[in-house]
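For the sequence shown, this note's numbering puts the final residue at 1097, and the numbers step up evenly by one.
Note that the Cβ used here is the ideal one computed from N, Cα and C, for glycine as well.
None of the values given here were measured: they were computed from a predicted structure.
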Amino acid sequence: MRPVLMIHGISSNARKTFGAPNLFGAPHPEGMYQFFINRGYQPGKDLFWYSYPTLKPIPVSARRLKREIEKVIQTAGVAEVNLLTFSLGGIIGKYYVISPLFQNEVRKLVMIAPPFLGSRWADWFKIPLSRSAEDFLFEGDGRALSPQVLSFENPFLQKLAHAPFPDNVETTIIAMKAVPNPRLRLVQEPFRWLTDWTGEGDLVVPIESSRINVDHYYELTEELSLKAFHRFLPYHRRIQELAFEALQ
């Protein structure tokens, strides 16, 4: 099997996002990482993850990703890898494959809930996480801190969203639209207020933010639950199945 490199999202790590093991614990039994192990992938042989400081500018994370891809290729003794990303990881993955960094070493790019039009939540972090006025000056070309670039309808993100993928990279997006449970009347009004602000989606990334031109697009719709919420999508069994199938 072609090696899979998992790339987590913002303010997270491979343990939180994919249930990867750490120094103190085994893989989470319901995580994406364990799901792939159960289907024949072997850690350190054809299953890897990339951890990175998520507040860094996206081009910086992409350069770090290149080094990680080179390590996987050397370790596995292959010429190509597949990337499985979540949220911000998808932004980094696309930036990488359309940039001069890309040397045809990625065959498939699977993105779970990538925020290509940004998220309303990111607007909350623009001022508190700013390091200098320069961050705002460079926001439009991706050199700002990642939370600022992820603000809704950011120009850099919009440009990235419309840039075509290389022809030799097979692309997949998996997105979630949570809907209220009609039996729980007390939560319907707060839910409606929240989705009016965030947009229909997983309560963090609006569906429209993930609708870009790719080879395969899957949009799940289900009643709101913990695993229909953005943070826990990689623990959703159907999303795990779709991601696995897309990488075969």
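Asked: Candidates 956, 944 and 896: closest to residue 1018 by CA position; Found: 956
Asked: Beta-carbon separation (whole angstroms), residue 1025 vs residue 962, contact threshold 8 Å; Found: 7 Å
Asked: Ordered list of beta strand (DSSP E) runs contained in the segment 890-921, each at least 3 residues; Found: 896-899
Asked: For residue 1083, the three-state DSSP class (helix, strand or coil); Found: helix
Asked: First through last residue of the beta strand (DSSP E) which encompasses residue 960; Found: 955-961
Asked: Of the listed residues 853, 958, 944 and 932, nearest to residue 1064 (C-alpha basis); Found: 958
Asked: Proximity of residue 909 and residue 964 at Cβ, strictly below 8 Å; Found: no
Asked: Per-residue DSSP class, three states only, for residue 850; Found: coil
Asked: Classification of residue 888 by the beta-carbon crowding that lies within 10 angstroms, buried from 16 upward; Found: exposed
Asked: Closest Cα partner of residue 1006 within the set 1079, 941 and 953; Found: 941
Asked: DSSP-derived helix/strand/coil call for residue 1011; Found: helix
Asked: In DSSP terms, what residue 1027 is bridged to; Found: 1071
Asked: Distance, residue 969 Cα to residue 936 Cα; Found: 14 Å
Asked: Residue 887 in three-state terms, based on DSSP; Found: helix
Asked: Backbone secondary structure at residue 1091 - three-state DSSP; Found: helix
Asked: Distance between residue 881 and residue 1083 (C-alpha atoms, nearest Å); Found: 6 Å
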